[in-house]
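Colleague: For the record, the sequence lines run as chains G and U.
Going by numbering that gives the first Met the number 0, 277 is the number at position 278 of the first sequence; the sequence numbering is gapless.
Going by numbering that gives the first Met the number 0, 203 is the number at position 204 of the second sequence; the sequence numbering is gapless.
For each residue, glycine too, the CB sits at the ideal point set by N, CA and C.
Quick caveat, the model's predicted, so the values are computed rather than measured.
The structure under discussion is supplied below as structure tokens; questions concerning it will follow.
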Amino acid sequence: MLEKALSGSKLYWTWLICLLVVIGAGFGAYLVQYNKGLMITGMSRDVSWGFYIAQFTFLVGVAASAVMLVLPYYLHHYKTFGRITILGEFLAIASVIMCILFITVDLGKPTRILNVMLHPTPNSILFWDMIVLNGYLIINLVAGWVTLEAERKQLPPPGWIKPIIYLSIPWAVSIHTVTAFLYAGLPGRGYWLTAIMAPRFLASAFAAGPAVLILLGYLVKKLTRFDPGKEAFETLAKIVCYAIILHIFFFFLEVFTVGYSDIPSHTAHLKYLYFGLHGHNMLVPWVWVALGCGFTAIILLVNPRTRKNLKILPYACVLVFICTWIDKGMGMIAGGFVPNPLHEVTEYAPTGLELMITFGVYATGILVLTILYKVALGVKAEEEAL
Amino acid sequence: MGVDRRQFLKLAGISAAFGLGGSVGFQLLRPGALDAAERMPTPYQMVFPKSQGNSEVMPNPKALKGRRWGMVIDMRKLTVEKARAAIQACNYYHNVPTIPGKQNIKWIWLTGYTNAFPEVENPFADPAIKNARFIAMCNHCDNPPCVRVCPTKATFQREDGIVMMDMHRCIGCRFCMAGCPYGSRSFNFRDPRPFIKKEYPKYPTRTKGVVEKCTFCSERLAVGKLPACAEASGGAMVFGDVDDAGSELRQLLRSRYSIRRKPNLGTHPQVYYLV
Ligand code: SF4
Ligand code: SF4
Ligand code: SF4
Numbered sequence: 000m001l002e003k004a005l006s007g008s009k010l011y012w013t014w015l016i017c018l019l020v021v022i023g024a025g026f027g028a029y030l031v032q033y034n035k036g037l038m039i040t041g042m043s044r045d046v047s048w049g050f051y052i053a054q055f056t057f058l059v060g061v062a063a064s065a066v067m068l069v070l071p072y073y074l075h076h077y078k079t080f081g082r083i084t085i086l087g088e089f090l091a092i093a094s095v096i097m098c099i100l101f102i103t104v105d106l107g108k109p110t111r112i113l114n115v116m117l118h119p120t121p122n123s124i125l126f127w128d129m130i131v132l133n134g135y136l137i138i139n140l141v142a143g144w145v146t147l148e149a150e151r152k153q154l155p156p157p158g159w160i161k162p163i164i165y166l167s168i169p170w171a172v173s174i175h176t177v178t179a180f181l182y183a184g185l186p187g188r189g190y191w192l193t194a195i196m197a198p199r200f201l202a203s204a205f206a207a208g209p210a211v212l213i214l215l216g217y218l219v220k221k222l223t224r225f226d227p228g229k230e231a232f233e234t235l236a237k238i239v240c241y242a243i244i245l246h247i248f249f250f251f252l253e254v255f256t257v258g259y260s261d262i263p264s265h266t267a268h269l270k271y272l273y274f275g276l277h278g279h280n281m282l283v284p285w286v287w288v289a290l291g292c293g294f295t296a297i298i299l300l301v302n303p304r305t306r307k308n309l310k311i312l313p314y315a316c317v318l319v320f321i322c323t324w325i326d327k328g329m330g331m332i333a334g335g336f337v338p339n340p341l342h343e344v345t346e347y348a349p350t351g352l353e354l355m356i357t358f359g360v361y362a363t364g365i366l367v368l369t370i371l372y373k374v375a376l377g378v379k380a381e382e383e384a385l
Numbered sequence: 000m001g002v003d004r005r006q007f008l009k010l011a012g013i014s015a016a017f018g019l020g021g022s023v024g025f026q027l028l029r030p031g032a033l034d035a036a037e038r039m040p041t042p043y044q045m046v047f048p049k050s051q052g053n054s055e056v057m058p059n060p061k062a063l064k065g066r067r068w069g070m071v072i073d074m075r076k077l078t079v080e081k082a083r084a085a086i087q088a089c090n091y092y093h094n095v096p097t098i099p100g101k102q103n104i105k106w107i108w109l110t111g112y113t114n115a116f117p118e119v120e121n122p123f124a125d126p127a128i129k130n131a132r133f134i135a136m137c138n139h140c141d142n143p144p145c146v147r148v149c150p151t152k153a154t155f156q157r158e159d160g161i162v163m164m165d166m167h168r169c170i171g172c173r174f175c176m177a178g179c180p181y182g183s184r185s186f187n188f189r190d191p192r193p194f195i196k197k198e199y200p201k202y203p204t205r206t207k208g209v210v211e212k213c214t215f216c217s218e219r220l221a222v223g224k225l226p227a228c229a230e231a232s233g234g235a236m237v238f239g240d241v242d243d244a245g246s247e248l249r250q251l252l253r254s255r256y257s258i259r260r261k262p263n264l265g266t267h268p269q270v271y272y273l274v
């Protein structure tokens, strides 16, 4: 099937070359980081995780959200999603690959990464995260590829693939739960020490992921003859709507508990994020933009007239994306580290090189996604031509 | 850089030969020496019990032996000069680099009362305490979150309680830095060697990309010396065996009121401040 990725329009090849250029630039920046160490980033002794881990966290959510297509289709036989489930699975694959790359570029000693497997440490959540992420990658590769292959041969998928697809459902939940546990189990970090971290992560994931899928659906519709169909868009939009409401709701639960109990080690982080602390307020505009985008998106998505309007829907999806990306990326990570355990404030902003490496990783993911989508849509076009 | 694991095994060997394997044997030998409440395993420790030592390596006969090392910092005696001497000694004997800016490396440093003890806020506390400069260092927690989160066991706890680093195994993920509630850990964002003022040849320097912190001077204990900071502190820092009811350290803890950093987190810090 892979041969489908080798023939394409001029636009396709130009796009791939553009991506390769960005990847090359990112790789060059990474070589600098590799030689000089993480000193080229904006991270510090106090804010020891930054942009990379933020992207990682966000993308785990995007990966997990494939379940929002798989579950209705396979468990509830919701036929409308049948045609696009593969797009969700392939998005998950590209996202997990980006997650793994982001973890790798964040390591101080990337050449030792295998130590995680050579010295398995079940008491470390990072160990489990490695297992669930790699497992999820394999599950989606197998499930996506086998069903697509069957589709091409005009055959029903083989029976043995069903249990694997069913397994992908709880597995998707697990990747984001375990990722939340990375943060939520640390005794000294008030902002992260909350049981609602995992549900909050899942809610924002199920908002962000389907929003990305809708946007990709628009792109696909525009660039190829494949149309996901109005109903698929509408159903996805409903999912995004519920999820973004839950996301904001969970955020208010957090604000209530932290605000009403008024325990300084917990309030300090929210204060820093939303109002600034001791005159440090770098993230304040960002988090308010995120909140504003979230509310605007809710208004657009709750109202059926705007939600069903396929001209307005993509804007709502972009707003959802911005809201969750800021909240989960920068807000989540930097907010947890500021103030530090000694209640001192060190702020964090990514450097140019850090951003270049980040773009490089995103370009790699998009390259994988482009190729996978090319294959999937090629198969679908063939099938429709018959 | 090969200090850690090898010397750890040596010391573990001593304790394994001495105790009958764990605190039960010790209780039989010296009843009452252990604080039962502290030794009750937490739910986490029930799921992941502490590993027992390794008894393959022969101990160094001069090595200091302890069941549970700890440090007492006497705030009445600790002047800023003494503290600076202690810090300097640590920096020198461990090749701790002096890196300007926020990517710095600190094993032991001075900080304010509200920084060291943010939860014991009291605006009308004795100014002698409130305005004092406190020494911050790794607490060698008895229930260390940094060990719990490390995905490679590069951070591990010895039988005698010392929380150690294996610089050859660390992948630089910095999970331990997020896990430590005391900010005791530093990451080598760059090659530290150009920033070492005067290199002490007998201690390994580190490379970029690994985490480091205070080791309770395990390399000195192994050859019968006290920690460098305690030695240089003019008696303001007393190192000793917390599990030995007869030790000077326990004597001090009995005679004066002491506090620990963030005891509410259940990490059981082993650095005590006499106030
Ligand atoms: S103070 Fe921090 S680094 Fe030291 S043992 Fe405790 S948790 Fe670990
Ligand atoms: S940075 Fe090193 S010591 Fe710290 S958690 Fe990662 S592997 Fe363990
Ligand atoms: S015990 Fe040793 S390593 Fe730790 S601060 Fe003191 S001198 Fe430094």
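1) Taking DSSP as the reference, what is the three-state secondary structure of V146(U)?
2) Of all the options T79(G), S47(G), E382(G) and G158(G), which has the alpha carbon lying nearest to the alpha carbon of N339(G)?
3) Would you say the beta carbon of N34(G) comes nearer than 7 Å to a heavy atom of ligand 1?
4) Straight-line CA distance for D34(U) to A84(U)?
5) When you compare the CB of M38(G) with every CB in chain U, is at least one pair closer than 8 Å?
6) Any residues in the stretch 196-230 of chain U with a beta carbon nearer than 9 Å to a beta carbon of chain G? Which ones, in chain order?
7) Select from W12(G), S6(G) and V69(G) the residue whose C-alpha is nearest the C-alpha of Y81(G).
8) My assumption, with CB atoms under 8 Å, is that I325(G) sits in contact with V288(G). Please give the rounded CB distance.
9) Give, in chain order, every unbroken run of the beta strand (DSSP E) that is at least 3 residues long and sits entirely within the stretch 146-172 of chain U.
10) Select from the stretch 119-133 of chain G all residues with a C-beta closer than 8 Å to any C-beta belonging to chain U, and list them in chain order.
11) What residues in its chain sit with their C-beta under 6 Å from that of M129(G), if we drop five residues either side in the sequence?
12) Can you find a C-beta in chain U that's less than 8 Å from the C-beta of K35(G)?
13) Please classify H76(G): is it buried, with 16 or more other beta-carbons within 10 angstroms of its beta-carbon, or exposed?
14) What is the rounded straight-line gap between the Cα of L106(G) and the Cα of E80(U)?
15) Considering just the uninterrupted stretch of the beta strand (DSSP E) at M70(U), what are its terminal residues?
16) Ordered along the chain, which non-local residues of its own chain (more than five positions away) have a Cβ less than 7 Å from that of L100(G)?
17) For K220(G), which residues of its own chain have a beta-carbon under 8 Å away from its beta-carbon, when the five flanking residues on both sides are left out?
18) Should V237(U) and A229(U) be called a contact, given that it needs their Cβ atoms to be closer than 8 Å?
19) Exposed or buried, which one is K61(U) when buried takes at least 16 other CB atoms within 10 Å?
20) Could you please give the first and the last residue of the uninterrupted beta strand (DSSP E) stretch that includes G270(U)?
21) From L341(G) to C145(U), what does the alpha carbon distance come to, in whole angstroms?
22) What are the start and end residues of each continuous alpha helix (DSSP H) run of 4 or more residues lying completely inside the stretch 249-294 of chain G, in chain order?
23) Nearest to T266(U) by alpha carbon, out of N138(U), E218(U) and F174(U)?
24) Could you name the residues of the same chain whose beta carbon sits closer than 7 Å to that of I195(G), not counting the 5 residues immediately before and after it, in chain order?
25) Does DSSP put G111(U) in a helix, a strand or coil?
26) For A93(G), which residues in the same chain have their Cβ closer than 8 Å to its Cβ, ignoring the five residues on either side in sequence?
27) Counting only beta-carbon atoms, is P144(U) nearer than 8 Å to chain G?
28) Checking contacts by CB at 8 Å: is D261(G) closer than that to chain U?
29) In three-state DSSP terms, what is E343(G)?
30) List the residues of chain U that L106(G) touches, going by C-beta distances under 7 Å, in chain order.
31) Can you tell me which of the three DSSP states F80(G) falls into?
32) Taking the alpha-carbon positions, what's the G189(G) to T345(G) distance?
33) Can you tell me whether A35(U) is helix, strand or coil according to DSSP?
34) Can you check whether the C-beta of Y181(U) is within less than 8 Å of a C-beta belonging to chain G?
35) With DSSP as the reference, label I128(U) as helix, strand or coil.
Modeller: Per the coordinate set shown:
1) To locate residue 146(U), count along the second sequence from 1; it is residue 147. V146(U): helix per DSSP, three-state reduction.
2) Your numbering for residue 339(G) matches position 340 in the first sequence. Closest option to N339(G), Cα to Cα, is S47(G).
3) The residue you call residue 34(G) lines up with position 35 of the first sequence. Taking the Cβ of N34(G) as the reference point, every heavy atom of ligand 1 lies at 7 Å or farther away.
4) Mapped onto the second sequence, residue 34(U) falls at position 35. Mapped onto the second sequence, residue 84(U) falls at position 85. Here D34(U) scores only 48 on pLDDT, less than 50, and its place in the model is too uncertain to base an answer on.
5) Sequence index remark: in the first sequence, residue 38(G) carries index 39 (1-based). Taking Cβ atoms only, chain U reaches closer than 8 Å to M38(G), which makes this a yes.
6) Using a CB distance below 9 Å, the part of the stretch 196-230 of chain U facing chain G consists of T206, K207, G208, V209 and V210, ordered along the chain.
7) By one-based count along the first sequence, residue 81(G) stands at place 82. Note that residue 81(G) is Gly in the sequence shown here, rather than Tyr. Of the listed residues, the one whose Cα sits closest to G81(G) is V69(G).
8) Numbered from its first residue, the first sequence carries residue 325(G) at position 326. Numbered from its first residue, the first sequence carries residue 288(G) at position 289. That pair is a contact at about 7 Å.
9) Within the stretch 146-172 of chain U, the complete beta strand (DSSP E) runs of at least 3 residues are 154-156 and 162-164.
10) With the criterion set as a beta carbon lying under 8 Å from some beta carbon of chain U, the members of the stretch 119-133 of chain G are T120, P121, N122, S123, I124, L125, F126 and M129, in sequence order.
11) Translated into the one-based positions of the first sequence, residue 129(G) becomes position 130. Non-local C-beta neighbours of M129(G) in its own chain, meaning closer than 6 Å and more than five positions away in sequence, comprise V115, ordered along the chain.
12) One-based indexing of the first sequence puts residue 35(G) at position 36. Yes, K35(G) counts as interfacial toward chain U.
13) Numbered from 1 along the first sequence, position 77 holds the residue referred to as residue 76(G). Under a 10 Å Cβ-count criterion, H76(G) is classified as exposed, with fewer than 16 other Cβ atoms of the shown protein chains found around its own Cβ.
14) Counting from one through the first sequence, the residue named residue 106(G) turns up at place 107. Counting from one through the second sequence, the residue named residue 80(U) turns up at place 81. The straight-line gap from Cα to Cα measures roughly 38 Å.
15) Position 71 of the second sequence, counted from the start, is the residue given in the question as residue 70(U). That run of the beta strand (DSSP E) goes W68 to D73.
16) Looking up residue 100(G) in the first sequence gives position 101. V360 and T363.
17) Residue numbering aside, residue 220(G) sits at position 221 when the first sequence is read from its first letter. Within the same chain, and ignoring the five residues on either side of K220(G) in sequence, the residues whose Cβ sits closer than 8 Å to its Cβ are D226 and P227.
18) Along the second sequence, one-based indexing puts residue 237(U) at 238. Along the second sequence, one-based indexing puts residue 229(U) at 230. For V237(U) and A229(U), yes; Cβs fall inside 8 Å.
19) One-based indexing of the second sequence puts residue 61(U) at position 62. Exposed, because fewer than 16 other Cβ atoms sit within 10 Å of the Cβ of K61(U).
20) The residue labelled residue 270(U) in the question sits at position 271 within the second sequence. The amino acid at residue 270(U) is misidentified as Gly; the sequence shows Val. It spans V270 to L273 - the beta strand (DSSP E) in which V270(U) sits, taken as one unbroken run.
21) Here residue 341(G) refers to the residue found at position 342 when the first sequence is read from its first residue. Here residue 145(U) refers to the residue found at position 146 when the second sequence is read from its first residue. Cα to Cα, the separation comes out at about 17 Å.
22) Entirely contained in the stretch 249-294 of chain G, the alpha helix (DSSP H) runs reaching 4 residues are, in chain order, 263-273.
23) Your numbering for residue 266(U) matches position 267 in the second sequence. When each option's Cα is compared against that of T266(U), the closest is N138(U).
24) Within the first sequence, residue 195(G) is the residue found at index 196, counting from 1. Excluding residues within five positions, the ones whose Cβ falls inside 7 Å are F249, L252 and E253.
25) Sequence index remark: in the second sequence, residue 111(U) carries index 112 (1-based). The answer is strand: DSSP assigns G111(U) an E or B state.
26) Translated into the one-based positions of the first sequence, residue 93(G) becomes position 94. Cβ neighbours of A93(G) beyond the five flanking positions: G364, I365, V367, L368 and L371.
27) Taking the first residue of the second sequence as 1, we reach residue 144(U) at position 145. Chain G contact via Cβ: present.
28) On the first sequence, residue 261(G) is found 262 positions in, with the first residue counted as 1. For D261(G), the closest Cβ of chain U is not nearer than 8 Å.
29) For this step, residue 343(G) is matched to residue 344 along the first sequence. Three-state result, E343(G): coil.
30) Taking the first sequence and counting its residues from 1, one reaches residue 106(G) at position 107. Correct list: I170, G171 and C172.
31) In the first sequence, residue 80(G) corresponds to position 81, counting from 1. Looking at F80(G) - three-state DSSP - the assignment turns out to be helix.
32) Against the first sequence, residue 189(G) aligns to sequence position 190. Against the first sequence, residue 345(G) aligns to sequence position 346. Taking C-alpha positions only, G189(G) is separated from T345(G) by approximately 16 Å.
33) In the second sequence, counting from the first residue as 1, residue 35(U) sits at position 36. At A35(U), the pLDDT of 42 sits below 50, so the modelled position is not reliable; the number obtained from the coordinates is stated separately. Three-state result, A35(U): helix.
34) On the second sequence, position 182 is the one that residue 181(U) refers to. At least one chain G Cβ lies under 8 Å of Y181(U).
35) Along the second sequence, one-based indexing puts residue 128(U) at 129. Three-state DSSP puts I128(U) in a helix.
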